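Numbering (the numbering used here), first residue to last: 43 to 497.
From the three backbone atoms N, C-alpha and C, an ideal C-beta is built for every residue, glycine too.
Note that the structure is predicted; figures quoted are calculated from it, not measured.
Notes follow the structure.
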């Protein structure tokens, strides 16, 4: 799996075989999210809008948003609100502003209650308008204001003089008099338009009249993240971390899982895959502790990263697989066929499968089952056996451990003639009393091959 692309079937296998663990971790994540929500009290947010009349450039609007959240404005709002234990420094993180379409600055305030959030947004908006008006008034140029006043007076005097000249002209008796009156009216209009443009260009006339567009509405719901959002986010986070952890562990694992990988590690050929019915692990001595019960409860005792063998269907189909493996052994090993069935120590499924192979072989080939520790593998020396058959479950052993088993067989002068992989299938209903059972006690090393009695 370390070289394969992650497929949906891989994720589906995780969900099917580890759904209990994923469900528990998701529940833990939800509880963590709930605990985080208790540490952070609920917050409420509302906004007040301030209209900036006149023509404003985008950069000027951004400057106004910075002014709305400046320390001067926020400190003034804090001083006006008189909240106990809250100063301007505390309110700076609760106030934000942004420019909207139509020369509108939206000021948002966040507080522990809807009432306080509304008061904060309204007060900051009012202080912003007052401070902006003060800045414009303080920055006005007295000399320019005097020149503008004088200019207005000159325009008024000129307009009066134009009226007098128009009245004194011949009232429409000649073409020249009509043309003169028309030119005078055009001059009056031009002067008035110029004066209007000058008034619009005056900063004190255009940018001082900021208007608060009504009080901020009282919020009806909590500001995100809400308690339920934290609970859902914690559950989703733990679920994704567990899923990614499974995929990462599978990619980093160096344990071969497929027939070609295991056969290559042992330097032999795969003879097929057999399966054994899943046994009730509660009856096993090593599975009676609290840790083992927890593993069974969470589904950790089921390998998810190993593809499940094709189901046998029934006991007869299962026995067919064992007989086919024995037939392949007969084709590979010349008579007399006496072999060691090497099983890694601790592989209970492989040990049961080896016993099934002994029964299915019927003495040809004649198998003797031995358990070999993978830490320090030691295989009995060659006596009457002509080779070794390795029986194991995939995904449990590393490449180095399998290579050590192969070297131990070679040191004992046993050629590894084949590899049999063992899978686990769901347990079938108990066989009726009139049918022979399939449980066979394996012939262990050190026991007579025919009787199983220790020598």
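| Check | Outcome |
| --- | --- |
| By Cβ distance, which residues of its chain are closer than 7 Å to residue 83, with the 5 residues on each side in sequence left out? | 154 |
| 8 Å is my cut-off, CB to CB: does residue 298 come that close to chain C? | The structure shown contains no chain C; it is built from a single protein chain. |
| If you run the structure through DSSP and keep just helix, strand and coil, what is residue 413? | strand |
| Compare the Cα-Cα distances from residue 149 to each of 77, 255 and 81 and report the closest residue. | 255 |
| State yes or no: is the C-beta of residue 205 within less than 8 Å of the C-beta of residue 233? | no |
| Are the segment 286–300 and the segment 426–446 touching by the rule of at least three beta carbon pairs closer than 8 Å? | yes |
| Could you check the C-alpha separation between residue 137 and residue 202 for me, to the nearest Å? | 54 Å |
| Which residues in the same chain as residue 430 place their Cβ atom closer than 6 Å to its Cβ, once the five residues preceding and following it in sequence are excluded? | 382, 384, 451, 456 and 458 |
| Express the C-alpha separation of residue 419 and residue 447 in angstroms, rounding to a whole number. | 6 Å |
| Report the residue from 378, 388, 404 and 356 whose alpha carbon sits nearest the alpha carbon of residue 368. | 404 |
| List in chain order: all unbroken beta strand (DSSP E) runs of 3+ residues lying wholly within the segment 269–329. | 312–319 |
| Residue 386 bridges to which residues according to DSSP? | 414 |
| Could you have a look at residue 71 and say whether DSSP puts it in helix, strand or coil? | helix |
| Can you give the beta carbon distance from residue 315 to residue 465, rounded, assuming they're within the 8 Å contact cut? | 6 Å |
| Pick out whichever of 407, 332 and 270 has its Cα sitting closest to the Cα of residue 364. | 407 |
| I need the DSSP call for residue 88, collapsed to helix, strand or coil. | strand |
| Residue range of the beta strand (DSSP E) that residue 466 falls in? | 458–467 |
| Judging by CA-CA distance, which residue of 49, 332 and 162 is the nearest neighbour of residue 134? | 162 |
| Could you tell me the alpha carbon to alpha carbon distance between residue 89 and residue 100, rounded to whole angstroms? | 21 Å |
| CB-CB under 8 Å to residue 327, same chain, minus the five flanking residues each way: which ones, in chain order? | Its pLDDT being 48, under 50, residue 327 is placed unreliably by the model, and the measurement read from it follows with that caveat. Result list for residue 327: empty, nothing under 8 Å. |
| List the whole-angstrom C-beta distance separating residue 260 from residue 160, where the pair is believed to meet the contact cut-off of C-beta under 8 Å. | 5 Å |
| Taking the alpha carbon of residue 50 as the reference point, which residue from 380, 303, 289 and 273 has its own alpha carbon closest? | 289 |
| Over the uninterrupted alpha helix (DSSP H) stretch that includes residue 441, give me the two end residues. | 441–453 |
| Are at least three pairs of beta-carbons, each pair with one atom in the segment 264–271 and one in the segment 102–120, less than 8 Å apart? | no |
| Ignore the nearest five residues each way along the sequence and tell me which others in residue 117's own chain have a CB closer than 7 Å to its CB. | 130 |
| Relative to the C-alpha of residue 273, which candidate in 252, 175, 71 and 64 has its C-alpha closest? | 71 |
| Can you have a look at residue 427 and say buried or exposed, based on whether 16 or more other CB atoms are within 10 angstroms of its CB? | buried |
| Per DSSP, which one or two residues make a beta bridge with residue 138? | 150 |
| Buried or exposed for residue 331, please, with buried defined as at least 16 other CB atoms from any protein chain shown within 10 angstroms of its CB. | exposed |
| Looking at residue 372: is its Cβ nearer than 8 Å to the Cβ of residue 366? | no |
| With a 10 Å radius around its C-beta and 16 neighbouring C-beta atoms as the bar for buried, classify residue 283 as buried or exposed. | exposed |
| With distances taken Cα to Cα, identify the nearest neighbour of residue 375 among 276, 388 and 313. | 313 |
| On the criterion of 16 or more Cβ atoms from any shown chain inside 10 Å, does residue 92 qualify as buried, or is it exposed? | buried |
| Verify whether the separation of the beta carbon atoms of residue 193 and residue 207 is less than 8 Å. | no |
| Can you tell me where the beta strand (DSSP E) holding residue 524 begins and where it ends? | Outside the shown range of the chain, which is 43 to 497, sits residue 524, and nothing can be said about it. |
| Return helix, strand or coil for residue 421, following the three-state DSSP convention. | coil |
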